[in-house]
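Read the structure below first, then the notes.
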Amino acid sequence: MRLRATVPATSANLGPGFDCFGLALDLCNEVSVDTDAERGVTWEGEGGDELPSDGTDAVSRAMRRIAEAAGEELPPFRLHGLNRIPLARGLGSSSAAAVAGVALARTLLRLPEDGDPRAALFDAAAEIEGHPDNAAPAVYGGLTVIADRRVLRFDVPETIRPVVLVPEHVRLSTEVARRVLHERVPLADAVANVAHGALVVHAITTGDADLLSIGLRDRLHEDVRMALVPQVGEMRERIRSTGVPVCVSGSGPSLLAFDTDTRPVPDPGEGWRVLRPGVRDAGAEVREA
Ligand code: HSE
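Mapping of the sequence shown onto the working numbering: residues 711 to 999, in sequence order.
Shown next as structure tokens:
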């Protein structure tokens with residue numbers, strides 16, 4: 711059997727929606743498994759020369775977790791990953807790996823589907839990887855909001871045009887970026903984030919990119935994180951000063967900005983990769999290859 715999982719990159723938080731909001735981007739990893747080929751693990755694309763080939767990668771680990779939980783054994787297979795999502799840049803590469811592994815294992819083992827298969831995929835991937843705000847858009851596509859493990863999904867009109875700015879030589883692990891967060895926050899900051907969060911959902915679902923420049927302003931997590939990567943913080947300020955909507959993508963260090971009709975995202979210059987992937991409407995898919 712040959713299967714291929716396609717899983718999108720995701721940008722979590724969207725400013726004020728810390729740990730709740732996520733957007734699927736049309737920039738997908740493709741992971742193939744072939745049970746008729748010689749066993750092995752190979753990678754190409756992003757992280758192709760640094761990811762392990764001994765089965766300790768995140769896709770293989772997620773596959774084993776699913777098999778163990780089901781009390782089943784996976785058949786031997788060859789796994790090949792074509793990665794388009796930059797690693798450790800706040801674009802959901804770990805969640806994409808977990809979603810791919812869960813989806814592939816469930817299909818290979820023909821696990822019974824009770825109810826919505828996407829809900830089962832989301833629950834398992836979020837538990838394995840730990841960030842439901844990335845797992846939800848990776849599974850469902852579009853804009854997602856997590857509330858008490860419930861996923862709300864919204865369509866996103868084409869006028870919402872995400873621009874991802876990836877600092878080429880800066881990495882930031884989510885673990886490090888979470889360590890600097892404050893346990894307690896001022897009430898006024900929490901209130902501002904609730905209000906801005908509502909603006910973000912309204913702006914993205916109605917296609918009002920201009921309104922995003924206000925809505926994306928966060929007061930809970932971005933500033934403390936930008937102190938870890940000051941050059942990224944400076945770029946965020948530079949872009950914001952032009953009136954372009956911008957926030958930190960996930961826990962950073964990439965930035966997520968939006969082209970508007972009147973204000974395109976300015977060129978960040980050398981040392982930055984600029985991607986215009988579009989929003990991905992569909993979430994993860996597994997097909998026979
Ligand atoms: N919401 C998480 C964080 C996303 O900001 O730490 C991690 O990708």
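Think of the CB as a built atom: it goes at the ideal place given N, C-alpha and C, for glycine as much as any other residue.
Keep in mind the model is a prediction, meaning the values are calculated, not measured.
Over the uninterrupted alpha helix (DSSP H) stretch that includes residue i, give me the two end residues.
i, result
"A919", "A919 to G925"
"I914", "L897 to T916"
"G943", "P940 to R950"
"L831", "P827 to E839"
"G960", "Taken as a continuous stretch (DSSP letters only), G960 belongs to no alpha helix (DSSP H), as it is neither H nor E."
"T817", "S803 to L818"
"V886", "T884 to R889"
"R894", "Per DSSP, R894 belongs to no alpha helix (DSSP H) and is neither H nor E."
"R935", "E932 to M936"
"P842", "P842 to Y850"
With distance defined between alpha-carbon atoms, name the residue in the options nearest to residue i.
i, options, result
"D826", "E783, A807, Y850 and H790", "Y850"
"S959", "I838, G765 and R881", "R881"
"R990", "P896, L735 and A779", "L735"
"P987", "P718, M711 and G781", "P718"
"A898", "V996, F787 and L930", "L930"
"V769", "L814, R828, F968 and R799", "L814"
"D971", "G917, L985, P822 and E823", "G917"
"G840", "E885, L862 and T817", "E885"
"A830", "E756, P786, A779 and E754", "A779"
"A908", "L922, V743 and P896", "L922"
"S670", "T720, V996, G925 and A994", "Past the edges of the chain, shown from 711 to 999, lies residue 670, and the structure says nothing about it."
"E995", "L792, N793, M711 and C738", "C738"
"D865", "H912, D746 and R771", "H912"
"G981", "T915, A992, H879 and H906", "H879"
"E782", "G979, L818 and A798", "L818"
"G755", "I776, V984, N793 and D969", "N793"
"D858", "V934, C730, A722 and A848", "C730"
"P877", "V942, V855 and G765", "V942"
"I949", "V934, D969 and S961", "D969"
"R888", "R714, L985, F728 and W753", "F728"
"I838", "S883, R774, I795 and R863", "R774"
"I924", "G725, V873 and R771", "G725"
"V855", "T716, R771, E998 and V910", "V910"
"G750", "V890, D767 and G757", "D767"
"D928", "V812, R863, D920 and H906", "H906"
"L926", "P872, V984 and R997", "P872"
"T915", "T716, E868 and A999", "E868"
"L891", "V901, V934, A902 and N903", "V934"
"W753", "E998, L965 and I795", "I795"
"A722", "G765, G800, M711 and R714", "G800"
Which one or two residues does DSSP pair with residue i in a beta bridge?
i, result
"S721", "L733"
"E998", "L713"
"V855", "F731 and L862"
"P877", "W982"
"L966", "V874 and C957"
"V989", "L735"
List the endpoints of the continuous beta strand (DSSP E) containing residue i.
i, result
"R1042", "What is shown of the chain runs 711 to 999, which leaves residue 1042 out entirely."
Task: 4 or more residues per run - each alpha helix (DSSP H) lying fully within the region 734-785 - done: 768-780
TODO: Pair every Cβ in the region 757-770 with every Cβ in the region 932-940, then say whether three or more of these pairs are closer than 8 Å.
DONE: no
Task: Contact the region 796-813 vs the region 834-850: 3+ CB pairs below 8 Å - done: yes
Open item on the list: Across the region 973-982 and the region 945-953, are there enough close Cβ pairs to call them in contact, namely three or more that are closer than 8 Å?
Closed with: yes
TODO: Specify whether the region 739-755 and the region 783-799 touch according to this definition: at least 3 beta carbon pairs, one from each stretch, less than 8 Å apart.
DONE: yes
- [ ] For the ligand FAD, enumerate in chain order all residues having a CB closer than 7 Å to any of its heavy atoms.
- [x] Summarising the ligand content, the structure contains the ligand HSE and does not contain the ligand FAD.
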